[in-house]
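Colleague:
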Amino acid sequence: MKKYKDKILFLVCFFFILSLASGYAQEAGQLYSTAVAEARSGNIHLAFMRFRTILLNYPDSKYAENALFAIGEYYSLIADYPDAIKAFTQYLNEYPDSKANVFVFMYLLKIARIQEKEKAVKDFEKKIITLKQTTFLFRESKEYKYRSPFYRKHRVVYYIDKIECYVDGELFAKISY
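Position one of the sequence shown corresponds to residue 1316 (my numbering), numbered consecutively onward.
1) Skipping 5 residues on each side, what residues in its chain have a beta carbon closer than 8 Å to that of Ser1337?
2) Look up Val1482 in the DSSP assignment and give the residues it is bridged to.
3) Using the DSSP secondary-structure output, state which residues sit across from Glu1458 in a beta bridge.
4) Here's a check: name, in chain order, each residue in its chain whose Cβ is nearer than 7 Å to the Cβ of Ile1332, leaving out the five neighbours to either side.
5) State the Cα-Cα distance for the pair Asp1483 and Lys1468, rounded to the nearest angstrom.
6) Just checking my contact of Leu1424 with Ile1400 at CB under 8 Å: how many whole Å lie between their CB atoms?
7) DSSP three-state label for Lys1442, please.
8) Quick one: what does DSSP say Ile1490 is sitting in, helix, strand or coil?
9) Roughly how many angstroms lie between the CA atoms of Ile1426 and Tyr1466, to the nearest whole one?
10) Do Leu1392 and Ala1382 have their C-beta atoms closer together than 8 Å?
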């Protein structure tokens, strides 16, 4: 009889913990969807607050990576460059293999150019150039795309002698080598 009660207690606890985890993921997902919807409609400040809430309350959720990118992008958009650098540096440290890293480096490059920090400009250009091993077999260029949580279209194009980055169709940064 005691074994039976222990099994029932174990199952009840197991399902309770499972339901909490499910609620956790569901809340983070709803918050992320709301943040993206706010960003799409142009409410970048509200979207930022929701992305920040995801990082504060759900740092281990699958939405944390995109939320951190969005925070860096937001700070860059409002010209809060110290906080943008901090967020993007954290992003690179936490997600070193992310497909969005080339765009993070482009933001950091643009900030370094605005701040006229030549050493940082050269360092970021070098990192961007060496980040992707690109071969141009029967092609003149190779491109990578990323849609940010702020619903901005990012595109980087690697040519034989230069790299161009576009955000929403406009030239964002260019590196010639």
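Note that CB positions come from ideal geometry on N, CA and C, so glycine has one too.
Modeller: Let me spell this out:
1) In the sequence shown, counting from the first residue as 1, residue 1337 sits at position 22. Residue placement at Ser1337 cannot be trusted, given a pLDDT of 41 that sits under 50; what the coordinates show is reported in the next sentence. No residues qualify anywhere along the chain.
2) Position 167 of the sequence shown, counting from 1, holds the residue named residue 1482. Beta-bridge analysis with DSSP links Val1482 to His1469 and Glu1485.
3) Counting from 1 along the sequence shown, the entry for residue 1458 is found at position 143. Val1472.
4) Numbered from 1 along the sequence shown, position 17 holds the residue referred to as residue 1332. Here the model assigns Ile1332 a pLDDT of 48, short of 50, so the residue's position is not dependable and the matter cannot be decided.
5) Taking the sequence shown and counting its residues from 1, one reaches residue 1483 at position 168. Taking the sequence shown and counting its residues from 1, one reaches residue 1468 at position 153. Going by the C-alpha atoms only, they are around 5 Å apart.
6) As a first step, residue 1424 must be located in the sequence shown, where it is residue number 109. As a first step, residue 1400 must be located in the sequence shown, where it is residue number 85. Leu1424 to Ile1400, Cβ: 11 Å. No contact.
7) In the sequence shown, the residue the question calls residue 1442 occupies position 127. Note: Lys1442 maps to helix in three-state DSSP.
8) As a working mapping, residue 1490 is identified with position 175 in the sequence shown. The answer is strand: DSSP assigns Ile1490 an E or B state.
9) By 1-based counting over the sequence shown, the position of residue 1426 is 111. By 1-based counting over the sequence shown, the position of residue 1466 is 151. The straight-line gap from Cα to Cα measures roughly 21 Å.
10) What you label residue 1392 is simply residue 77 of the sequence shown in a count that begins at 1. What you label residue 1382 is simply residue 67 of the sequence shown in a count that begins at 1. No, the Cβ-Cβ distance between Leu1392 and Ala1382 is not below 8 Å.
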